[in-house]
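Colleague:
There are 2 protein chains.
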Amino acid sequence: MHSTPASAQNTKDAIPALLQDHGISPTAQRVEIAMILLSERQHLSADQVLKRLDEHGAAVSKATVYNTLGLFVERSLVRQVIVDSTKAFYDSNVEAHHHFYNADDGTLTDVDAAEVPIEQLPRVPEGTFAEAVDIVIRIRNTT
Amino acid sequence: MHSTPASAQNTKDAIPALLQDHGISPTAQRVEIAMILLSERQHLSADQVLKRLDEHGAAVSKATVYNTLGLFVERSLVRQVIVDSTKAFYDSNVEAHHHFYNADDGTLTDVDAAEVPIEQLPRVPEGTFAEAVDIVIRIRNTT
DNA sequence: CTGTGTGCAAAGCTTTTGCACTACT
DNA sequence: AGTAGTGCAAAAGCTTTGCACACAG
């Protein structure tokens, strides 16, 4: 392996630093996974991440993909979106936003938080505080 | 087993009729499951339903519980609530409402839809229509 | 007697756990 | 050399599928 100039590429070299900023040691597998997921705004299941790793020739085990994605969520590098009872999606967009979930084809689409203004939140139960508000708008195809 | 007057108990005898109203033939297993889930407003996982069936001495297989709950959802007898990526909850309350999800203990609490007024919904993508809006407010214990 | 519909064992997913191994101190 | 942390094979858990059986027409 030969090194590349630090400033030449932004994405490739920024990833390790980004991981460290979030308290994650940038190992080879983690950088691979982060590069795939963070390369653009997208919603991928663990399975899809694994498939892309294979395509890129990176051999990472299923368990590591799951554990790494879990770690990324814990460290707020990505968001976990739950819409399907049998599969979790990982969202590279961590800014406040909501989702359309197309129940016919299983795809997710972002909705800016500003497009769903909520007048007020209900009072939370005694002894608790609100951590997040997730809105999912289930849509179907008219055809 | 001895029969009870038809009008004496409301719940027990109303269930078969309710199932039929929703186009579901009221077999023994389905009535058992419906009685457990619909006896009161609650959020149960498939697993919890199975456990209660066992406690009531009703022997119904795991597969039948899953398939029956899926059928109930399809026929709008109950609602499926998705908050945990590894488990689905079934909600006996089918009226418009949302949920608090306590991430610390995994419990769900109803929130009346009127308590979360939404000014407007975003325009849905071309060729689709909104089927439902689910709001989940994740809460944590302050302690 | 035929066909539709039901219930369940077994199979198929997704996700977690426990342990060998690595890489720093 | 010791120790904290990483990656993965195997195990566990949730859900679906495929088929034998039951029941209505």
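Same order as they appear, the protein sequences are chains P and Z.
Counting with the numbering used here, you get residues 1 to 143 for the letters of the first sequence.
Counting with the numbering used here, you get residues 144 to 286 for the letters of the second sequence.
Glycine included, every Cβ here is placed at the ideal spot set by N, Cα and C.
Nearest CA to the CA of Z/Glu-238: which residue from Z/Arg-222, Z/Asp-248 and Z/Ala-246?
Modeller: If we check each option's Cα against that of Z/Glu-238, Z/Arg-222 comes out closest.
Colleague: Output, in sequence order along the chain, the residues in the segment 260-279 of chain Z whose CB is closer than 8 Å to any CB in chain P.
Modeller: Listed in sequence order: Pro-260, Ile-261, Glu-262, Gln-263, Leu-264, Pro-265, Val-267, Pro-268, Gly-270, Thr-271, Phe-272, Ala-273, Glu-274, Ala-275, Val-276, Asp-277, Ile-278 and Val-279.
Colleague: Identify, in the order they occur along the chain, each residue of the same chain with its Cβ nearer than 6 Å to the Cβ of P/His-43, setting aside the five sequence neighbours on each side.
Modeller: Hits under 6 Å: Phe-89, Asp-91 and Leu-108.
Colleague: On the CB-based measure, 16 or more other CB atoms within 10 Å of its CB, does Z/Arg-173 come out buried or exposed?
Modeller: Answer is buried; the Cβ neighbour count reaches 16.
Colleague: Does DSSP classify Z/Ala-275 as helix, strand or coil?
Modeller: Z/Ala-275: strand per DSSP, three-state reduction.
Colleague: Using a cut-off of 7 Å between C-beta atoms, extract the partners of P/Arg-111 located in chain Z.
Modeller: Sequence inspection shows Val at residue 111 of chain P; the Arg mentioned does not correspond to that position. In chain order: Pro-265.
Colleague: Roughly how many whole angstroms lie between the Cα atoms of Z/Gly-270 and P/Lys-87?
Modeller: Whole-angstrom Cα-Cα distance: 25 Å.
Colleague: What are the uninterrupted segments assigned as beta strand (DSSP E) that are 3 or more residues long and contained completely in the segment 80-106 of chain P, given in chain order?
Modeller: Taking only runs of at least 3 residues, the beta strand (DSSP E) segments lying wholly in the segment 80-106 of chain P are 87-91 and 97-102.
Colleague: In the DSSP output, what is P/Ile-15 paired with across the bridge?
Modeller: Answer by DSSP bridge pairing: none, since P/Ile-15 is not bridged.
Colleague: The alpha helix (DSSP H) spanning P/Leu-53 covers which residue range?
Modeller: Unbroken alpha helix (DSSP H) run through P/Leu-53: 46-55.
Colleague: Could you spell out the range, first to last residue, of the alpha helix (DSSP H) harbouring Z/Thr-252?
Modeller: Taken as a continuous stretch (DSSP letters only), Z/Thr-252 belongs to no alpha helix (DSSP H), being part of the beta strand (DSSP E) at 251-255.
Colleague: Does the beta carbon of Z/Ala-246 sit closer than 8 Å to a beta carbon anywhere in chain P?
Modeller: Answer yes: the Cβ-Cβ gap between Z/Ala-246 and chain P drops below 8 Å somewhere.
Colleague: Within a Cβ cutoff of 6 Å, which residues of the same chain sit near P/Ala-153, ignoring the five residues on either side of it in sequence?
Modeller: Any question about residue 153 of chain P goes unanswered here, given that chain P covers just 1 to 143.
Colleague: From the beta carbon of Z/Asn-236, is the nearest beta carbon of chain P less than 8 Å away?
Modeller: By this cut-off, Z/Asn-236 is not an interface position.
Colleague: Using only CA atoms, which one of Z/Glu-198, Z/Leu-220 and Z/Asp-255 lies nearest to Z/Asp-164?
Modeller: Residue Z/Leu-220 is the option with its Cα nearest to Z/Asp-164.
Colleague: With the cut-off set at 8 Å, would you say P/Leu-50 and P/Val-73 are in Cβ contact?
Modeller: Contact flag unset, no.
Colleague: What residue range is occupied by the uninterrupted alpha helix (DSSP H) comprising P/Thr-27?
Modeller: No alpha helix (DSSP H) contains P/Thr-27, which DSSP labels as neither H nor E.
Colleague: Closer than 8 Å by beta-carbon distance: list the chain P residues that pair up with Z/Gln-191, in chain order.
Modeller: Simply none; closest approach about 15 Å.
Colleague: Using the Cβ count rule (16 or more neighbours within 10 Å means buried), how would you classify Z/Phe-243?
Modeller: Under this definition Z/Phe-243 is a buried residue.
Colleague: Select from P/Ala-113, P/Ile-24, P/Ala-17 and P/Arg-52 the residue whose C-alpha is nearest the C-alpha of P/Leu-37.
Modeller: Nearest option by C-alpha distance: P/Arg-52.
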